[in-house]
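*Asks:* The numbering used here puts the first residue of the sequence shown at 2, with every later residue one more than the last.
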Amino acid sequence: MNTMEGTVPIHMEGVGKAFRQGFWMHAREAVRDVSFSVPEGSLFGYLGHNGAGKTTTIKMLLGLIAPSRGQVRVWGGSPADPVVRRRVGYLPEQPYFYDYLTAREFLDFHADLCGLTGDSRRRRIALMFDWVDLAGAEDVALNRFSKGMLQRIGLAQALIGDPELVILDEPMSGLDPAGRKRVRDIMVELKARGRTVFFSTHVLADAETVCDQVAILVQGRVRSVGPLTELLKPKVTEVEIVAQAPDGYQAPQGRVVHRDGRLHLTLAEADSGPALRHLLDAGGRVLSVTPHRETLETLFMNELTAVERAG
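1. Measuring CB atoms only, is the segment 172-190 touching the segment 99-115, in the sense that at least three cross pairs come out at less than 8 angstroms?
2. Tell me whether the beta-carbon of Glu-94 lies closer than 9 angstroms to the beta-carbon of Asp-207.
3. Based on DSSP bridge pairs, tell me the residues matched to Glu-30.
4. Around the C-beta of Arg-145, are 16 or more other C-beta atoms found within 10 angstroms, so that it is buried, or is it exposed?
5. Check whether the segment 254-264 touches the segment 210-230, taking contact to mean three or more Cβ pairs, one atom from each stretch, closer than 8 angstroms.
6. Would the beta-carbon of Pro-172 fall within 9 angstroms of that of Arg-196?
7. In the structure shown, what three-state DSSP assignment does Arg-1 receive?
8. Please check the pair Val-317 and Ile-154, which I expect to be a contact at CB under 8 angstroms, by giving their CB distance rounded to whole angstroms.
9. May I have the straight-line CA-CA distance separating Thr-299 from Val-240, to the nearest angstrom?
10. Can you give me the C-alpha to C-alpha distance between Leu-280 and Arg-294, rounded to a whole angstrom?
11. Starting from Leu-62, trace the beta strand (DSSP E) both ways and give me its first and last residue.
12. Is the separation between the beta-carbon of Val-198 and that of Phe-45 shorter than 9 angstroms?
13. Beta strand (DSSP E) containing Pro-164: first to last residue?
14. Using only the alpha-carbon positions, how far apart do Glu-304 and Arg-222 sit?
15. So, with DSSP's three-state summary, where would you put Met-5?
16. Keeping to the same chain, check which residues put their C-beta closer than 7 angstroms to that of Glu-14; ignore five residues upstream and five downstream.
17. Taking 6 angstroms as the limit between beta carbons, can you name the residues of its chain near Gly-180, skipping five residues before and five after?
18. For His-203, which three-state DSSP category applies?
19. Is DSSP giving Gln-254 helix, strand or coil here?
20. What does the alpha-carbon distance come out to for the pair Ser-174 and Asp-282?
21. Just grab the DSSP bridge partners of Leu-268 for me.
22. Suppose the cutoff is 8 angstroms on Cβ atoms and the five residues either side in sequence are ignored; what does the same chain contact list for Thr-103 look like?
23. Which residue comes first and which comes last in the alpha helix (DSSP H) that contains Pro-96?
24. What distance in whole Å lies between the Cβ atoms of Leu-108 and Gln-158, which are believed to be in contact at a cut-off of 8 angstroms?
25. Across which residues does DSSP place Tyr-101 in a beta bridge pair?
26. Gln-245 to Gly-274, Cα distance in whole Å?
27. Can the beta-carbon of Gln-214 be found closer than 9 angstroms to that of Ser-79?
28. For the beta strand (DSSP E) holding Ala-216, just list the boundary residues, first then last.
29. Quick one: is Val-133 buried, meaning 16 or more other Cβ sit within 10 Å of its Cβ, or exposed?
30. Taking the alpha carbon of Gln-152 as the point to measure from, which residue in Asp-177, Leu-166, Leu-128 has its own alpha carbon closest?
31. Which of the three DSSP states, helix, strand or coil, is assigned to Thr-291?
32. For Ala-31, is the classification buried or exposed, using 16 other Cβ atoms within 10 angstroms of its Cβ as the cut-off for buried?
33. Do Arg-29 and Arg-21 come within 9 angstroms of each other at the CB atom, strictly closer than that value?
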């Protein structure tokens, strides 16, 4: 029996990583007191601005660098353990490709590294080309691939060994909308097949579309972590009122935009009742009232603003 059965794919507890830089070799903390767990079978987004510490965290998860303090466990073991590594697939943010190889030669090389042989190897390679929509490009040299095609062949190499945990560093970086959608679809398919997907991104809309769990990293610290359904409260935060208002009407509060002969008033939900009465008493006619709920972008910006104000 596998001694790591029943453990979570990723667990970090009080993790910090400092680098020494400059002539005087002063320590700079890239990651500070990071703690979170990734449930098995989840699609987990690790969100943060550029330079927040996302790639540093991923390198620790892969055992490429050691934490300065704290504990990093992958499938209950050390990330550097070869037994653990066989259960992990990885796509870096800026992968290096042997661009003189064809796509088939590239995947065949990685299949060999994973120990695949014979018919199972050929079937797995064919499946990967089909899965990432590169069927027909098997014998094309990688130096003729577009950015989106390279990203998808990179995903194929990360998945060639059928890993249980897939770690992707900014997998949608630099892709056009169609390319981003295909990568998102592949991640959702992986989750549907029972795999655990951990990916970093600064594109919040992509994360909100596919993730069931997220962690928000700001300046090296995790500010929020948990299921999206809990982090994004269903409560109404703002209300937008669209109305036909009399000339010269002044709203007592809120943000006002005049567009197409109509007044668009956005204000806090608690102020919407008095605002509606004020508008009606002035002779206005309400056309619509639309509630606005918190988005992932709103949550992220609130966390970022809180850190900046704290200095």
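Glycine included, every Cβ here is placed at the ideal spot set by N, Cα and C.
*Replies:* Working from what's here:
1. no
2. Within the sequence shown, residue 94 is the residue found at index 93, counting from 1. Within the sequence shown, residue 207 is the residue found at index 206, counting from 1. No, the Cβ-Cβ distance between Glu-94 and Asp-207 is not below 9 angstroms.
3. Mapped onto the sequence shown, residue 30 falls at position 29. DSSP output for Glu-30 lists Ala-19 as bridge partner(s).
4. To locate residue 145, count along the sequence shown from 1; it is residue 144. Exposed, since its Cβ has fewer than 16 Cβ neighbours within 10 Å.
5. no
6. For the purposes of this step, residue 172 is taken as residue 171 along the sequence shown, with counting starting at 1. For the purposes of this step, residue 196 is taken as residue 195 along the sequence shown, with counting starting at 1. Not in contact: Pro-172 and Arg-196 (Cβ atoms no closer than 9 angstroms).
7. With the chain covering only 2 through 312, there is no way to say anything about residue 1.
8. This structure does not reach residue 317, given that the chain is present from 2 up to 312, and the question cannot be answered.
9. Here the question's residue 299 lines up with position 298 in the sequence shown. Here the question's residue 240 lines up with position 239 in the sequence shown. Their Cα atoms are separated by approximately 15 angstroms.
10. Here residue 280 is taken as the residue at index 279 of the sequence shown, counted from 1. Here residue 294 is taken as the residue at index 293 of the sequence shown, counted from 1. The alpha-carbon atoms of Leu-280 and Arg-294 are separated by roughly 23 angstroms.
11. Position 61 of the sequence shown holds residue 62. Element bounds for Leu-62: not the beta strand (DSSP E) but the alpha helix (DSSP H), 55-62.
12. Taking the first residue of the sequence shown as 1, we reach residue 198 at position 197. Taking the first residue of the sequence shown as 1, we reach residue 45 at position 44. Yes, they are a contact pair.
13. In the sequence shown, counting from the first residue as 1, residue 164 sits at position 163. Pro-164 -> no beta strand (DSSP E), and no H or E assigned at all.
14. For the purposes of this step, residue 304 is taken as the residue at position 303 of the sequence shown. For the purposes of this step, residue 222 is taken as the residue at position 221 of the sequence shown. So the alpha carbons of these two residues sit roughly 11 angstroms apart.
15. Looking up residue 5 in the sequence shown gives position 4. Confidence at Met-5 is low in this model, with a pLDDT of 44, below 50, so the placement of that residue should be treated as unreliable; the coordinate-derived value is given next. Note: Met-5 maps to coil in three-state DSSP.
16. In the sequence shown, residue 14 corresponds to position 13, counting from 1. Excluding residues within five positions, the ones whose Cβ falls inside 7 angstroms are Ser-36, Gly-71, Gln-72.
17. By one-based count along the sequence shown, residue 180 stands at place 179. Cβ neighbours of Gly-180 beyond the five flanking positions: Gly-149.
18. The residue given as residue 203 occupies position 202 in the sequence shown. His-203: coil per DSSP, three-state reduction.
19. Here residue 254 refers to the residue found at position 253 of the sequence shown. If DSSP states are grouped into helix, strand and coil, Gln-254 belongs with coil.
20. Within the sequence shown, residue 174 is the residue found at index 173, counting from 1. Within the sequence shown, residue 282 is the residue found at index 281, counting from 1. Cα to Cα, Ser-174 sits roughly 51 angstroms from Asp-282.
21. Taking the sequence shown and counting its residues from 1, one reaches residue 268 at position 267. Beta-bridge pairing links Leu-268 to Val-240.
22. Locating residue 103 in the sequence shown gives position 102, counting from the first residue. The residues are Glu-139, Asp-140, Val-141, Ala-142, Leu-143.
23. Indexing the sequence shown from 1 puts residue 96 at position 95. Premise fails: Pro-96 is in no alpha helix (DSSP H) and is neither H nor E.
24. Along the sequence shown, read from residue 1 onward, the residue named residue 158 stands at position 157. Along the sequence shown, read from residue 1 onward, the residue named residue 108 stands at position 107. Right, the Cβ-Cβ distance comes to about 6 angstroms (below 8 angstroms), so this counts as a contact.
25. Against the sequence shown, residue 101 aligns to sequence position 100. Paired residue(s): none; Tyr-101 is not in a bridge.
26. Residue mapping note: residue 245 aligns to position 244 of the sequence shown, counting from 1. Residue mapping note: residue 274 aligns to position 273 of the sequence shown, counting from 1. The straight-line gap from Cα to Cα measures roughly 17 angstroms.
27. On the sequence shown, position 213 is the one that residue 214 refers to. On the sequence shown, position 78 is the one that residue 79 refers to. Going by C-beta atoms, Gln-214 is not nearer than 9 angstroms to Ser-79.
28. Sequence index remark: in the sequence shown, residue 216 carries index 215 (1-based). Element bounds for Ala-216: 214-219.
29. Here the question's residue 133 lines up with position 132 in the sequence shown. The residue is buried, with at least 16 neighbouring Cβ atoms inside 10 Å.
30. The count along the sequence shown starts at 1 and reaches residue 152 at position 151. Nearest C-alpha to Gln-152: Asp-177.
31. The residue you call residue 291 lines up with position 290 of the sequence shown. Note: Thr-291 maps to strand in three-state DSSP.
32. Indexing the sequence shown from 1 puts residue 31 at position 30. Buried: at least 16 other Cβ atoms inside 10 Å.
33. Start at 1 with the first residue of the sequence shown, and residue 21 comes out as number 20. Start at 1 with the first residue of the sequence shown, and residue 29 comes out as number 28. It is a contact, given that the beta carbons lie within the stated cut-off.
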